[in-house]
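2 is the number of the first residue of the sequence shown in this note's numbering; add one for each residue after it.
Beta carbons: idealized from backbone N, C-alpha and C, even for Gly.
Let me begin by presenting the structure, written as structure tokens, before commenting on it.
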Amino acid sequence: MNFARFTVGRDKDERAGVVTNETVKEIRGDIFTEWEYTGNTFAVEQVRFLAPLVPHSIIGIGANYLAPGQARPETLPEIPVFFFKPLTSVIGTDEDIVIPPSIDEVKFESELAVIIGKEAYQIKESEVSDYIFGYTIGNDVTAPQYFHPDGHWTVGKSFKTFTPLGPVIKTDLDLANIRIQAIHNGEMKQDGTTDLMIISIPRMIAYLANVFPLMPGDVILTGAPTGADFLKKGDVIECTIEEIGVLRNKVR
2 MNFARFTVGR DKDERAGVVT NETVKEIRGD IFTEWEYTGN TFAVEQVRFL APLVPHSIIG
62 IGANYLAPGQ ARPETLPEIP VFFFKPLTSV IGTDEDIVIP PSIDEVKFES ELAVIIGKEA
122 YQIKESEVSD YIFGYTIGND VTAPQYFHPD GHWTVGKSFK TFTPLGPVIK TDLDLANIRI
182 QAIHNGEMKQ DGTTDLMIIS IPRMIAYLAN VFPLMPGDVI LTGAPTGADF LKKGDVIECT
242 IEEIGVLRNK VR
């Protein structure tokens, strides 16, 4: 099932729906607990997709992909590199990524994003799938010049518009070999699969959930395949996962 948030025409009211083929069936309620169809159906061409949820929090993991052909480390990091991103950084597909005047360069990072569906705390890796609601595409836009010299990344990832998400949340996805791509101004830059992850999704979520409770609506950005590059004014970046869709944003 594919969940989305959207508006219709010039109406600014935000709606939720289920996307099926070329239509969006409106729903009401809480997608994580109980919801129902309203009876309203719209053609995809009638709607403007928003970020598919208003996250509870956003957590990213850094340096989580091997380069093609790179040997897997014999031991995994004892403390993975995680960071938070503010909710004010979230935008949807076809919204603009805005580079503030204070920033020299920003990078795109196309990623698979995991959506937590119910409270998860003190869980095992084998239990993680029971707590995942679904998946979407994330673009972890980054300003490296704002990285702290001691390795703190949060500020460089926190500017407004720096977390595009979308276009939908897909609830059923086989994680065995998902391909994550980024097409920058028509040129393929990132093209990697989930089998190149260093820290697996079950491991990263279990690790976090043994530090603090993960809540419904938490978004976990699972890392970017190699090939991320810099953006400039006028660029178009398309983050793609075939099973989910295309997250497309212009830069200004």
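Identified DSSP bridge partners for residue i
i	result
Val-212	Paired residues: none, contrary to the question.
Val-164	The sequence given here has Thr at residue 164, not Val. Beta-bridge pairing links Thr-164 to Val-91.
Ser-111	Asn-140
Thr-241	Gln-182, Val-247
Ile-98	Val-252
Glu-37	Arg-29
Val-169	According to DSSP, which records beta bridges pairwise, Val-169 is partnered with nothing at all.
Gly-135	Ile-116
Neighbourhood of residue i by C-beta, 7 Å cutoff - its chain only, sequence neighbours within 5 removed
i	result
Phe-84	Gly-61, Gly-63, Trp-154, Thr-155, Lys-158
Asn-211	Gln-123
Glu-243	Arg-180
Asn-65	Met-198, Ile-199, Ile-200, Thr-223, Gly-224
Coarse secondary structure for residue i, derived from DSSP in three states
i	result
Thr-227	coil
Tyr-147	helix
Thr-195	helix
Ser-58	strand
Rounded Cβ spacing between residue i and residue j (contact assumed at less than 8 Å)
i	j	result
Ala-44	Val-169	Contact doesn't hold; Cβ gap of about 16 Å is too wide.
Gly-167	Phe-50	6 Å
His-185	Asp-236	7 Å
Asn-178	Asp-196	6 Å
Phe-213	Lys-119	The Cβ separation is near 15 Å, so there is no contact.
Ala-121	Leu-215	4 Å
Same chain, Cβ closer than 8 Å to residue i, neighbours up to 5 away in sequence not counted
i	result
His-203	The question names His, yet the displayed sequence has Pro at residue 203. Around Pro-203: Glu-126, Ser-127, Val-129, Ser-130.
Lys-86	Ile-59, Ile-60, Gly-61, Asp-141, Thr-155, Lys-158, Ser-159, Phe-163, Thr-164, Leu-222
Residues of its chain near residue i, where Cβ-Cβ distance is below 6 Å and the 5 sequence neighbours each way are ignored
i	result
Arg-16	Phe-7, Glu-27
Gly-135	Ile-116, Ile-170, Lys-171, Thr-172
Ile-144	A small correction: the amino acid at residue 144 is Ala; Ile does not occupy that position in the sequence shown. Taken in chain order, the residues that qualify are Ile-104, Val-107, Gly-157.
Lys-190	Ala-183, Gly-228, Asp-230
Exercise for the section: Spell out a yes or no on whether the region 213-229 and the region 101-111 are touching, meaning 3 or more CB-CB pairs, one atom from each, closer than 8 Å. Expected result: yes
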